[in-house]
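Undergrad: Start counting the sequence shown at 1; every next residue gets the next number (the UniProt record's numbering). The beta carbon of each residue, even a glycine, is placed where N, CA and C say it ideally should be. Have a look at this one before I ask anything.
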Amino acid sequence: MVSPGWLASRLDDSDVRVIEVSSANDDARYSAGHIPGASWWFWKNALWHATDWEFITAEQLAQRLGSLGVSPTDTVVIYGDPVQFGTYAFWVLTMAGHKNLRLLDGGRKRWVAEGRPLSQKSPDASPVAYTPGTADFTSRVGRDDLRAKLGQPGRQLLDVRAPEEYRGERVSPPSGDL
């Protein structure tokens, strides 16, 4: 996790890349103003396989990062709009093997609240060949794994949804228990 001040002091560093991950399927908000130097991703197109209903592969992610000019040694700072899409991207990139990741504390909202500048200029990136790191999906637990481990000593399931999400009023109905 990095602060807006940390990022602001490194915006001119060629080894630091910034990606805004959006919940919107168009870049209107990004185009109106984003953190200087940030590239833009719609989370579903960038991180999710449209027909397999699964994360994209490490190789597909490497292609997407390489198209932004990101190399495996670059520091990638991610922020979401809204913030949870940045954390989702952070998780996916971690599982795919990118080692040098940072998440912007407070995202765009905090950046703006601190009076930091926004830009309408998209970065000029020269694509690079990105060799993916070693993928590690051990931080992901699927339905079958969860069922097998429920009730085992030392295992506890936490539902961290907001009350509105639990009741099915926001994000992903139906409501109720996991």
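1) Going by beta carbon distance, what residues of the same chain come within less than 6 Å of TRP6, once the five residues before and after it are set aside?
2) Beta carbon of ALA113: closer than 8 Å to some heavy atom of the ligand NAP?
3) On a Cα-Cα basis, can you pick out the residue from ASP136, SER9, PHE55 and ASP15 that is closest to TYR88?
4) Closest to SER22 by C-alpha separation, out of PRO127, ASP124 and PHE42, would be which residue?
5) Quick check: what's the CA-CA separation for LEU150 versus ARG110?
6) Closest to ASP26 by CA distance: which of PRO153, ALA46 and LEU11 is it?
7) Which one or two residues does DSSP pair with LEU104 in a beta bridge?
8) Please work out which residues of its chain come closer than 7 Å, Cβ to Cβ, to PHE137, disregarding the five sequence neighbours upstream and downstream, and give them in chain order.
9) On the three-state DSSP scale, how would you describe ARG131?
10) Could you say which of VAL77, GLY37 and GLN60 lies nearest to MET1 if we only look at CA atoms?
11) Going straight from the alpha carbon of PRO123 to that of SER39, what length do you get?
12) Using the rule of at least 16 other Cβ atoms within 10 Å of the residue's Cβ for burial, across every protein chain shown, is LEU104 buried or exposed?
13) Quick one: give me the first and last residue of the beta strand (DSSP E) that THR87 is part of.
14) Excluding the 5 residues flanking GLY97 on each side, which residues of the same chain have their C-beta closer than 6 Å to its C-beta?
TA: Based on what the coordinates show:
1) none
2) The ligand content of the structure shown is nil, which means the ligand NAP is not present either.
3) PHE55
4) PHE42
5) 38 Å
6) ALA46
7) VAL2
8) MET95
9) The sequence shown places Thr at residue 131, not Arg. Coil.
10) VAL77
11) 6 Å
12) buried
13) Here THR87 belongs to no beta strand (DSSP E); instead the alpha helix (DSSP H) covers 83-96.
14) ALA58, PRO132, GLY133, THR134 and ALA135
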